[in-house]
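In our numbering, the protein residues as written are 4 to 360.
All C-beta atoms in this analysis are idealised placements derived from N, C-alpha and C, irrespective of residue type, glycine included.
Only a predicted model underlies this, so the values are computations on that prediction, with no experimental measurement involved.
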């Protein structure tokens with residue numbers, strides 16, 4: 004039966020996946036829900052959560068793609084992520100204005116991209132992309148930044164910080180701090196209110212955003228008004244039960260986590276330092292935080308623990324747990340249903356923080 008279903012998936016997708024277009028999944032997503040559920044296979048229930056059936060189907064499709072297994076090299080991993088993100092991004096949203104520019108890094112200029120939607124308020128999100136500090140760039144997260152800007156009616160400045168292994172920790176963190184302070188200093192040029200500049204990111208980008216929020220306070224630098232942390236990696240020194248529960252089969256694997264960690268922090272002595280593991284840093288006097296976790300994510304428990312860490316320290320914190328989602332769902336814009344609803348909840352939290360009605 005599995006072989007027949009895989010054959011049907013390949014037949015339905017045809018040559019669309021090979022073309023790697025944003026509409027490649029349309030032949031699948033256009034199928035009736037009952038057919039998609041059958042293609043997805045048996046329900047997956049772990050730790051009391053049931054994985055969304057459309058994400059189950061996407062996992063089957065991902066398993067059929069070449070180059071999505073064990074990572075062989077940094078170059079191939081970067082290329083594979085770009086291919087996968089193009090596949091799941093759907094058709095990129097139209098944004099009123101998108102501008103490539105440069106911002107200050109810790110040692111020279113960094114590439115960046117500014118998204119300005121129509122009817123934008125006077126807030127700004129400085130965004131750091133995910134990818135384990137090794138892969139990912141402005142292009143892999145272009146579709147998500149476009150979508151978030153439009154839905155949150157907020158300007159977004161996506162920053163292309165330096166990546167490992169070419170630049171080991173804490174270079175990415177220092178770049179993120181420098182880029183955020185650049186944005187604060189250039190608020191007038193960006194036509195935003197300096198008191199409404201937030202910081203955010205997904206996965207390793209969420210890690211960098213959390214580090215920025217802490218270090219700006221500790222270093223007496225301009226501090227963000229809000230933190231948007233989407234399934235953040237916040238502890239490189241310890242592991243939690245979700246790492247074992249979802250070690251295999253849910254896009255981000257245990258092997259991936261170790262591969263990323265070892266490239267970013269080859270020196271184990273640095274891993275407990277708050278500059279790379281913000282859960283070991285202060286939780287007080289920080290910007291209000293909105294932390295997103297996914298039920299089928301090996302990083303789920305550390306994200307939840309970080310929400311608790313901030314709350315206990317008195318930092319206003321909301322925790323958006325999405326029990327049917329998995330790591331990376333924010334970028335999966337080609338799906339509708341519960342995945343889309345979860346994405347819109349993230350956008351609403353940002354909109355409410357920077358442009359309350």
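Given a cut-off of 8 Å, decide if residue 231 and residue 353 are closer than it, judged by their beta-carbon atoms. Cβ atoms of residue 353 and residue 231: closer than 8 Å.
Which complete beta strand (DSSP E) runs does the region 267-346 hold, if anything under 3 residues is left out? Taking only runs of at least 3 residues, the beta strand (DSSP E) segments lying wholly in the region 267-346 are 292-299 and 320-329.
With which residues is residue 234 paired in a DSSP beta bridge? Looking at the DSSP assignment, residue 234 forms no beta bridge with any residue, so it has no partner.
Given a threshold of 16 other Cβ atoms within 10 Å of its Cβ, counted over all protein chains shown, does residue 177 qualify as buried or as exposed? By the C-beta density criterion, residue 177 is buried, having at least 16 other C-beta atoms within 10 angstroms.
Which residue comes first and which comes last in the beta strand (DSSP E) that contains residue 119? For residue 119, the enclosing beta strand (DSSP E) covers residues 111-119.
Closer than 7 Å by C-beta to residue 234: which residues in its own chain qualify, once you throw out the five before and the five after it? Chain order, please. For residue 234, where only same-chain residues beyond five positions count, the Cβ hits under 7 Å are 205, 206, 209, 295, 296, 297, 300, 302, 306 and 330.
Where residue 212 sits in the DSSP three-state scheme: Here residue 212 sits in helix by DSSP.
Runs of 4 residues minimum, wholly inside the region 175-226: which ones carry the alpha helix (DSSP H) assignment? Taking 4 residues as the minimum length, the alpha helix (DSSP H) runs contained wholly in the region 175-226 are 207-221, in order along the chain.
Separation of residue 166 from residue 76, as counted between CA atoms: Our two residues, residue 76 and residue 166, have alpha carbons roughly 14 Å apart in a direct line.
Within 8 Å, do at least three Cβ pairs link the region 147-163 to the region 219-229? The region 219-229 makes no contact with the region 147-163, as fewer than three CB pairs between them are under 8 Å.
Nearest candidate by alpha-carbon position, reference residue 202, set 119, 193 and 130: Of the listed residues, the one whose Cα sits closest to residue 202 is 130.
Counting Cβ pairs closer than 8 Å, one from the region 168-183 and one from the region 210-221, do we hit at least three? Below 8 Å, enough C-beta pairs join the region 168-183 and the region 210-221 to call them touching: three or more.
Could you work out which residue in 116, 111, 291 and 260 is closest to residue 100 when comparing CA atoms only? Of the candidates 116, 111, 291 and 260, 116 places its Cα closest to the Cα of residue 100.
Does DSSP put residue 83 in a helix, in a strand, or in coil? Under the three-state reduction of DSSP output, residue 83 falls in the helix class.
Indicate the three-state DSSP secondary structure (helix, strand or coil) for residue 351 in the structure shown. If DSSP states are grouped into helix, strand and coil, residue 351 belongs with the helices.
Whole angstroms are fine: how far does the CA of residue 42 sit from the CA of residue 186? Those two C-alpha atoms are separated by around 46 Å.
Within a Cβ cutoff of 7 Å, which residues of the same chain sit near residue 159, ignoring the five residues on either side of it in sequence? Excluding positions up to five away in sequence, the list reads 118, 128, 130, 148, 151 and 152.
Would you mind reading off the limits of the beta strand (DSSP E) that contains residue 153? From DSSP, residue 153 is part of no beta strand (DSSP E) but of the alpha helix (DSSP H) over 145-155.
Would you tell me roughly how many angstroms separate the C-alpha atoms of residue 89 and residue 143, rounded to the nearest one? Cα to Cα, the separation comes out at about 7 Å.
Three-state secondary structure (DSSP) at residue 61? In the structure shown, residue 61 sits in a helix (DSSP, three-state: H, G or I).
If the criterion is Cβ atoms closer than 8 Å, does the pair residue 278 and residue 237 meet it? Against a cut-off of 8 Å, the Cβ pair of residue 237 and residue 278 comes out as no contact.
Tell me residue 161's beta-bridge partners as DSSP assigns them. The beta-bridge partner set that DSSP reports for residue 161 consists of 116 and 130.
How many Å lie between residue 52 and residue 293 at the Cα? In this model, residue 52 and residue 293 are separated by some 22 Å (Cα to Cα).
Residue 48 bridges to which residues according to DSSP? Answer is 53, bridged to residue 48.
Determine the burial state of residue 342: buried for a count of at least 16 other Cβ atoms within 10 Å of its Cβ, exposed for fewer. Result: buried.
Tell me, to the nearest whole angstrom, how far the beta carbon of residue 318 is from that of residue 289; I am working on the premise that it is less than 8 Å. Contact holds; Cβ gap of about 5 Å.
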